[in-house]
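Here is the structure we will look at.
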Amino acid sequence: MIVGLPMKASEVMRSPAVSVAPDCRVIDAVRLLMETNRRGLPVVDSSGILVRIVSEGDFLRRVELGTVPTDRPWFDAFFGAGESATAFARAYGRSVDEIMTQDPVCVAPDADLTEAIALMESRHVAQIPVVFEGAVLGMISKTELLAAVERKFDQSDHAGQDVRDNILAAIRKESWAAGAIVDVVVTSGEIQMWGVIVDHNQRKALKALIENVAGVERIADHLKLRDELPL
């Protein structure tokens, strides 16, 4: 199997990214997430610079759901009340800047897609912003990755059909191919030759012809001599 070079983040990202301001109301952010079917939204300042991310996970512990974290006096006694205060703000806050995720993970537009996926896996995030000089150019989520896979399959199918058509058209033009019944299957640059030929000279000529067709990388020969076929 041929493995191509990794795609770049800019080739996969959804752009432009739907974003919100830090002072956006929580309810408006919720509605925007639902309308756009996104897992999270970049939070940007008035200059369009990424500040934080607000994601689905930021709405799990909310007063509206009755899922506010319980008080832990023993925890506060040992570690201070900062964590409890933050949890309270996230549960009751009315603006995005009170609930948004800290320390957003992002990649540059020219980053290999392998880097973006590795970050998504290691940081357990569902999506990642593509950022250039602080500005959000787009977002990459599993939806964009699936769409990229689909596009690659479509491109491969179309390219394979073009190569097959070119090979068969070239064979039909050659007088030395008379008497041969040949078809080809194209898979990721590999050409599988199937059919019946008159002699080994035809086999050599067919191989030489196919080797000179653009897009051909390997040839698998499954041709049978006519004399070898059962009567």
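Sequential numbering of the sequence shown, starting at 1, is according to full-length UniProt numbering. Where is the CB? At the ideal position from N, CA and C, for every residue including glycine. Here the structure is a predicted model, which is why all the values come from computation and not from measurement.
Short Cβ contact (8 Å threshold) for residue i with residue j
i, j, result
"residue 191", "residue 167", "yes"
"residue 43", "residue 52", "yes"
"residue 233", "residue 18", "Look at the range of the chain in this structure, 1 to 231, and you will see that residue 233 is not part of it."
"residue 195", "residue 216", "no"
"residue 109", "residue 91", "no"
"residue 146", "residue 9", "no"
CA-to-CA distance, residue j to residue i, given in whole angstroms
i, j, result
"residue 59", "residue 26", "9 Å"
"residue 23", "residue 29", "10 Å"
"residue 39", "residue 61", "16 Å"
"residue 210", "residue 124", "48 Å"
"residue 101", "residue 134", "17 Å"
"residue 179", "residue 186", "23 Å"
"residue 213", "residue 99", "59 Å"
"residue 223", "residue 148", "36 Å"
"residue 177", "residue 219", "18 Å"
"residue 66", "residue 89", "15 Å"
"residue 116", "residue 45", "24 Å"
"residue 198", "residue 169", "19 Å"
"residue 182", "residue 152", "28 Å"
"residue 127", "residue 6", "18 Å"
"residue 140", "residue 14", "6 Å"
"residue 12", "residue 164", "29 Å"
"residue 162", "residue 227", "32 Å"
"residue 208", "residue 229", "24 Å"
"residue 93", "residue 84", "14 Å"
"residue 221", "residue 175", "21 Å"
"residue 120", "residue 200", "55 Å"
Which listed residue (the options) has its alpha carbon closest to that of residue i
i, options, result
"residue 130", "106, 6, 113, 28", "106"
"residue 47", "7, 115, 136, 113", "136"
"residue 57", "45, 44, 87", "87"
"residue 34", "50, 55, 141", "55"
"residue 173", "161, 199, 114, 205", "205"
"residue 132", "92, 111, 6", "111"
"residue 160", "49, 138, 184", "184"
"residue 49", "138, 118, 200", "138"
Boundaries (first-last residue) of the alpha helix (DSSP H) holding residue i
i, result
"residue 36", "26-36"
"residue 240", "This structure leaves residue 240 out entirely; the chain is present only between 1 and 231."
"residue 100", "It is not in any alpha helix (DSSP H) - residue 100 carries neither H nor E in the DSSP assignment."
"residue 115", "113-123"
Assigned exposure category for residue i - 16 Cβ within 10 Å defines buried
i, result
"residue 16", "exposed"
"residue 63", "exposed"
"residue 202", "buried"
"residue 225", "exposed"
"residue 150", "exposed"
"residue 144", "buried"
"residue 104", "buried"
"residue 122", "exposed"
Cutoff 8 Å: residue i Cβ touching any chain D Cβ
i, result
"residue 133", "No chain D is part of this structure, which consists of one protein chain only."
Beta strand (DSSP E) segment containing residue i, residue limits
i, result
"residue 220", "218-225"
"residue 50", "50-55"
"residue 187", "181-187"
"residue 135", "135-141"
"residue 128", "127-132"
"residue 193", "190-197"
"residue 209", "Residue 209 -> not in any beta strand (DSSP E); alpha helix (DSSP H) instead, spanning 200-211."
"residue 41", "40-44"
Heavy atom of the ligand COA within 7 Å of residue i beta-carbon
i, result
"residue 129", "Judged by which ligands are present, the structure shown has none, so any question about the ligand COA falls away."
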